[in-house]
Structure formats: C-alpha cells, structure tokens
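In full-length UniProt numbering, the protein residues as written are 1 to 162. Here's the structure we're looking at; comments come further down.
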C-alpha cells in the first residue's frame, strides 16, 4: 500500500539551492521502508508539482484501470497510453536524512517555483507549490492558502533569526 501523505510544510531555498522536505513526509518514507527518493513530476491539472514515493508506482496500473472504467461509464474517450505516459513522466530525486534535496531546474520552470515552496499532502501523493500559484487557485484552496501564509511567515522569521 502506498504512503498516505497528510499535512503541510514550507521550505525556503537554502544553501546549495536545496529545499527541505517536511518532517512528517520524511517519516512516511522511513515508516514505509522506502528509499529516500522523491518521484517528482508536473501535476496533470494544477500549476504545481506532484510528488510520491517509489512504492506508489506499483499502483499505477490500478489507477489506469479505474480511470478507464470511469470514462467508459460516462461514455468519454480515454487515452490510456497518454495517461500512462503522464503518470510515468517523473524524475527521481534523492534526499538526505534531513530531507534536503535539490529541485531539478526543468521542474522548477514547469511549476513556476522560486525560492519558496509549499508542500500540501494529498493522500497517495503530495503537491509542491509556488505560494503565488497557490494563492491564485481560488476559494476551494482557502485552507491550503491560509496554511501556506502561516508557514511562510514562520519560516521567514526563523531565517531572519539565524
């Protein structure tokens, strides 16, 4: 069973251009026995990145089956090959025991990420947002937006105190 990511986090780009994965997400990897490798790719609908562990890959065929069945029930077209390519369009990025990792430039560009990122749990995956992109998402995202503002303020105060 894949990891179930819950909660939020925030990271400022630090020394050596590294971001820091929230402790609760790092713990999920450790508890599951997964290697310290993030699978990162562009989210298929939102202007952010989607992240998951290597153990989630085993469930991709089930995702394709469910989505295809749902499309058939709604009499909609479903391009299984395209969707499979979307699911498998990720990059493996290692992180250290402290959760530090370097975001690949092409993913930073795809998601419009800068020197600040917000992590939002989403059960079998989590998302990584530019705060500005998240703030533009509308009312449905009010809770995540408020969490991002609070965590950003705290991270910036902490950075100034150093």
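Each residue gets a CB set at the ideal place from its N, CA and C atoms; glycine is no exception. Source: prediction; values computed, not measured.
In the three-state scheme derived from DSSP, where H, G and I count as helix and E and B as strand, residue 8 is classed as strand. If you draw a straight line from the Cα of residue 19 to the Cα of residue 73, it comes to about 42 Å. Using a Cβ distance threshold of 7 Å, residue 71 and residue 78 count as a contacting pair.
Under DSSP, residue 123 forms a beta bridge with 5. Residue 27 sits in a helix when the DSSP states are folded into three classes. Separation of residue 16 and residue 98 (C-alpha to C-alpha, rounded to the nearest whole angstrom) is 14 Å.
Straight through space, the alpha carbons of residue 100 and residue 57 are spaced by roughly 22 Å. Distance from the Cα of residue 49 is smallest, within the candidate group 69, 150, 93, 55, for 93.
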